[in-house]
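*Asks:* Structure incoming, see below.
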Amino acid sequence: MSQHTTISSTEAGQFPDPTQWRLITAAEELFAEHGFGGTSVRDITAEAGANVAAVNYHFGSKHQLYQKLFEIRLAEMRRFRTHAVHRALDEAEPIGDVAAIVDTFARAFMQPLSDPQRGRIMLKLFMRELSDPHLPPGMFMQQMAEPMQELMRDALQRTCPGLGEQAARMCFHSLVGQLVHLVQVWKMMVDVGQTDSDLQSYVDTGLRHVVRFTVAGIKSCQEAGGS
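This is how it looks when you write it as structure tokens:
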């Protein structure tokens, strides 16, 4: 299948036993390609070069391995996006540039797609979970959606004085909806064999439009009284 490059050596360092890293990496690729139901414990251990009992020994079950994989991925994305937004806020003027915040978050959101191999694996994995969920109810909301909503609500209010809390949250929801659509179109382009150059051009053009459109909407909400 692959060379098991989708989880970095830094990530691997969090596992005391290298077998755990190999199982996580193998599982990520197999779940992305075949889905949760289409991947057996034996498939994972064979791909990882591990004993068939290794999944139960290290993680308890296939389901717990799946959950651990998503915990790793969600934490990685959460850290990356949070750091990017905080850095943009630190570099902003006292009353900052809301466009810089929107642009920073949008580019951080789309960042996984800059790595064709890893980005496609992550995209497949997340889209399979959306269509055939196996994570505990509320896990994605608690570990990604809510922290990002509050991060951006605060950032938008700080850089756009007068924007109310509810308006800031709704502007963020609108931004995420547009970015998710870009990802979905990107996947369709991948599926029909578009070149990497065409894919990158689409993402770049789409990001510029989304940022411009979102900033105009935020400023309109601000002018309307921030509600």
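In this note's numbering, the protein residues as written are 229 to 455. Beta carbons are placed, not taken as given, at the ideal position from N, Cα and C, and that holds for glycine.
So, for residue 439: in the same chain, excluding its five sequence neighbours on each side, which residues have a beta-carbon less than 8 Å away from its beta-carbon?
*Replies:* Position 211 of the sequence shown holds residue 439. Excluding sequence neighbours, residue 439 sits near 327, 330, 331, 334.
*Asks:* Return the CA-CA distance between residue 426 and residue 278, expressed in angstroms with no decimal places.
*Replies:* Locating residue 426 in the sequence shown gives position 198, counting from the first residue. Locating residue 278 in the sequence shown gives position 50, counting from the first residue. Rounded to whole angstroms, residue 426 to residue 278 spans 40 Å at the Cα level.
*Asks:* Between the Cα of residue 374 and those of 352, 391, 398, spot the shortest distance and give me the residue it belongs to.
*Replies:* Position 146 of the sequence shown, counting from 1, holds the residue named residue 374. Comparing Cα-Cα distances from residue 374 to each of 352, 391, 398, the minimum goes to 398.
*Asks:* What are the start and end residues of each continuous alpha helix (DSSP H) run of 4 or more residues lying completely inside the region 315 to 346, in chain order?
*Replies:* Entirely contained in the region 315 to 346, the alpha helix (DSSP H) runs reaching 4 residues are, in chain order, 326 to 338.
*Asks:* I need the boundaries of the alpha helix (DSSP H) containing residue 370, first residue and last residue.
*Replies:* Counting from one through the sequence shown, the residue named residue 370 turns up at place 142. Neither: residue 370 is in no alpha helix (DSSP H) and is coded neither H nor E.
*Asks:* Excluding five sequence neighbours on each side, which residues of the same chain lie with their C-beta closer than 7 Å to the C-beta of residue 270?
*Replies:* Locating residue 270 in the sequence shown gives position 42, counting from the first residue. Excluding positions up to five away in sequence, the list reads 280.
*Asks:* In this structure, how does DSSP classify residue 400 when only helix, strand and coil are distinguished?
*Replies:* Reading the sequence shown from its first residue, position 172 is the one you call residue 400. Residue 400: helix per DSSP, three-state reduction.
*Asks:* Kindly indicate which residue of 290, 316, 356, 391 has the alpha-carbon position closest to the one of residue 490.
*Replies:* Since the first residue shown for the chain is 229 and the last is 455, residue 490 is missing from the structure and cannot be characterised.
*Asks:* According to DSSP, is residue 259 helix, strand or coil?
*Replies:* Here residue 259 corresponds to residue number 31 of the sequence shown, with the count starting at 1. Helix.
*Asks:* Counting C-beta neighbours from all protein chains within 10 Å, is the total for residue 433 16 or more, i.e. buried, or is it exposed?
*Replies:* To locate residue 433, count along the sequence shown from 1; it is residue 205. Residue 433 should be labelled exposed.
*Asks:* Along the chain, where does the alpha helix (DSSP H) that runs through residue 433 open and close?
*Replies:* Translated into the one-based positions of the sequence shown, residue 433 becomes position 205. Per DSSP, residue 433 belongs to the alpha helix (DSSP H) from 424 to 451.
*Asks:* Under DSSP, the alpha helix (DSSP H) around residue 287 begins and ends at which residues?
*Replies:* The count along the sequence shown starts at 1 and reaches residue 287 at position 59. Per DSSP, residue 287 belongs to the alpha helix (DSSP H) from 282 to 287.
*Asks:* State the DSSP-derived secondary structure class of residue 278, mapped to helix, strand or coil.
*Replies:* Counted from its first residue, the sequence shown places residue 278 at position 50. Looking at residue 278 - three-state DSSP - the assignment turns out to be coil, as it is neither helix nor strand.
*Asks:* Can you tell me the Cβ-Cβ gap for residue 384 and residue 396, rounded? I've got them flagged as a contact below 8 Å.
*Replies:* As a position in the sequence shown, residue 384 is number 156, starting the count at 1. As a position in the sequence shown, residue 396 is number 168, starting the count at 1. At roughly 4 Å, the Cβ-Cβ gap stays under 8 Å, so residue 384 and residue 396 are in contact.
*Asks:* Secondary structure at residue 420, three-state DSSP: helix, strand or coil?
*Replies:* For the purposes of this step, residue 420 is taken as the residue at position 192 of the sequence shown. Correct three-state label for residue 420: coil.
*Asks:* Helix, strand or coil: which one does DSSP assign to residue 268?
*Replies:* As a first step, residue 268 must be located in the sequence shown, where it is residue number 40. It is coil, neither helix nor strand.
*Asks:* Once DSSP output is grouped into helix, strand and coil, what is the label at residue 298?
*Replies:* As a working mapping, residue 298 is identified with position 70 in the sequence shown. Helix at residue 298.
*Asks:* Less than 8 Å between the beta carbons of residue 263 and residue 382, yes or no?
*Replies:* Sequence index remark: in the sequence shown, residue 263 carries index 35 (1-based). Sequence index remark: in the sequence shown, residue 382 carries index 154 (1-based). It is not a contact, given that the beta carbons lie outside the stated cut-off.
*Asks:* Looking at the structure shown, is residue 311 part of a helix, part of a strand, or coil, going by DSSP?
*Replies:* Walking along the sequence shown from the start, residue 311 turns up at place 83. Here residue 311 sits in helix by DSSP.
*Asks:* Pull up the distance between the alpha-carbon of residue 268 and that of residue 352, whole angstroms please.
*Replies:* The residue given as residue 268 occupies position 40 in the sequence shown. The residue given as residue 352 occupies position 124 in the sequence shown. Cα-Cα distance, rounded: 18 Å.
*Asks:* What number of angstroms, rounded off, separates the C-alpha of residue 448 from the C-alpha of residue 415?
*Replies:* Here the question's residue 448 lines up with position 220 in the sequence shown. Here the question's residue 415 lines up with position 187 in the sequence shown. Near 32 Å, if we compare the C-alpha coordinates of residue 415 and residue 448.
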